[in-house]
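Before any comments, here is the structure.
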Amino acid sequence: MEAPSVNILGAGTVIEGDIKSDGDIRVDGTLNGSLSTKGKLVLGTTGMVDGEVSCQNADISGTINGKIKVTELLSLKTSSKLTGDITTNKLSIEPGANFSGSCAMASTVPNINIRSDGEAVKTEKGSSY
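When we follow the numbering used here, the leftmost residue of the sequence shown carries the number 1, and every step to the right adds one.
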């Protein structure tokens, strides 16, 4: 079995176009296009993506302008700047991170309503007691 590849886009490098990968990828340069990987994305403090991102896990310290879809954990670090919509299963945002857009969590959480007698009752999303 082959070890998964690790791809690096170095600081000062600019790519115009889309990137697709089966392995992990680290971006310290600039990508003007979409990025899709079955592995983990690490976006360094000097890294910038202007386009859609799709990956399994992501540690974001740089800048993203566009939608991001993460199937597992998205971590927005202190120096991160994200402008766009997030779709993820788990989200971690450090103090100082900058996020502008909407966020949709993949797993649904039931609504909790409090009845007049003080008892908490779970309801399906969208329904009311």
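Here a beta-carbon is modelled for each residue, glycine too, at the ideal position from N, C-alpha and C.
Straight-line Cα distance separating residue 78 from residue 85: For this step, residue 85 is matched to residue 85 along the sequence shown. For this step, residue 78 is matched to residue 78 along the sequence shown. In this model, residue 85 and residue 78 are separated by some 18 Å (Cα to Cα).
Residues that DSSP places opposite residue 81 in a beta bridge: By one-based count along the sequence shown, residue 81 stands at place 81. Beta-bridge analysis with DSSP links residue 81 to 63 and 98.
Cross-strand partners of residue 13 (DSSP beta bridge): Walking along the sequence shown from the start, residue 13 turns up at place 13. Answer by DSSP bridge pairing: none, since residue 13 is not bridged.
8 Å contact criterion, which residue 51 and residue 35 should meet: CB distance rounded: Within the sequence shown, residue 51 is the residue found at index 51, counting from 1. Within the sequence shown, residue 35 is the residue found at index 35, counting from 1. Contact annotation, residue 51 with residue 35: C-beta distance approximately 7 Å; criterion of less than 8 Å satisfied.
CB of residue 33 within 8 Å of CB of residue 15, strictly: By 1-based counting over the sequence shown, the position of residue 33 is 33. By 1-based counting over the sequence shown, the position of residue 15 is 15. Against a cut-off of 8 Å, the Cβ pair of residue 15 and residue 33 comes out as a contact.
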